[in-house]
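Engineer: Going by our numbering, the sequence shown opens with residue 11, and the numbers climb by one from there.
Backbone N, C-alpha and C fix where the C-beta goes; we use that ideal spot for every residue, glycine too.
From a predicted model like this one, the values you see are computed outputs, not experimental measurements.
I'd like to ask you about the structure that follows.
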Amino acid sequence: MSFADLFDSGFKQRNADHFAAIVRVAMDDGIITPEEQAFLDRLARNLGITEGDYKQILKDYKSHPINPPVSYDRRLERLYDLVRMVHVDQIKGDPEHKLLNKIGVGLGFHAVNVKYIVDKALTLVGNGVDLDTFVDQIKNMNR
11 MSFADLFDSG
21 FKQRNADHFA
31 AIVRVAMDDG
41 IITPEEQAFL
51 DRLARNLGIT
61 EGDYKQILKD
71 YKSHPINPPV
81 SYDRRLERLY
91 DLVRMVHVDQ
101 IKGDPEHKLL
111 NKIGVGLGFH
121 AVNVKYIVDK
131 ALTLVGNGVD
141 LDTFVDQIKN
151 MNR
């Protein structure tokens, strides 16, 4: 049994839909910047998106539903994964913040406080916290 066989088609479809939603967010302004393209390339690899699926999603990303997680914890988990990818790739400065803010809104965080959440997320990931600490700290930042 190969590693890919461990994941059912539903898992693969959710990853494809998640990836398409991020492509849709990146295309919100009509272009994909080189930084966004590099991030999408790495994200596709990390989500197990095949080259054929990647090309198809880029061509027809609007056909995939945007399904931000209903659960706040699941949104935080996705944000954690994405911020870790951005952090590991050492994308710094304004492009990092713009992209993560756009993705944060796409994940279902409110546009009014997404910058605050992303800034906190970047700080936490930069400090090397684990997922449980990340979720706890984000949840408790408004208390």
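Check A14 in the structure and name its three-state DSSP category.
Structural biologist: Reliability of the predicted coordinates at A14 is poor, the pLDDT of 46 falling under 50, and the value obtained from them is presented with this limitation in mind. Correct three-state label for A14: helix.
Engineer: For the alpha helix (DSSP H) that K72 lies in, which residues bound it at each end?
Structural biologist: Element bounds for K72: n/a, residue is neither H nor E.
Engineer: Note down, in chain order, each residue of its chain lying with its Cβ closer than 6 Å to the Cβ of R34, except the 5 sequence neighbours on either side.
Structural biologist: If we look at R34 and ignore the five residues flanking it on each side, its Cβ neighbours are Y71.
Engineer: Taking the alpha helix (DSSP H) that P2 falls in, what are its first and last residues?
Structural biologist: The question about residue 2 has no answer, for the chain in this structure spans 11 to 153.
Engineer: Smallest Cα separation from H107: which of D91, Y126, V122?
Structural biologist: Of the listed residues, the one whose Cα sits closest to H107 is Y126.
Engineer: Identify whether D104 lies in helix, strand or coil by the three-state DSSP scheme.
Structural biologist: Note: D104 maps to helix in three-state DSSP.
Engineer: Could you give the residue range of the alpha helix (DSSP H) that holds G40?
Structural biologist: No alpha helix (DSSP H) contains G40, which DSSP labels as neither H nor E.
Engineer: Where do the N-terminal and C-terminal ends of the alpha helix (DSSP H) with G136 fall, by residue?
Structural biologist: Per DSSP, G136 belongs to the alpha helix (DSSP H) from 124-136.
Engineer: Kindly give me the distance between the Cβ atoms of I113 and L86, rounded to whole angstroms, as I take these residues to be in contact under 8 Å.
Structural biologist: Contact doesn't hold; Cβ gap of about 13 Å is too wide.
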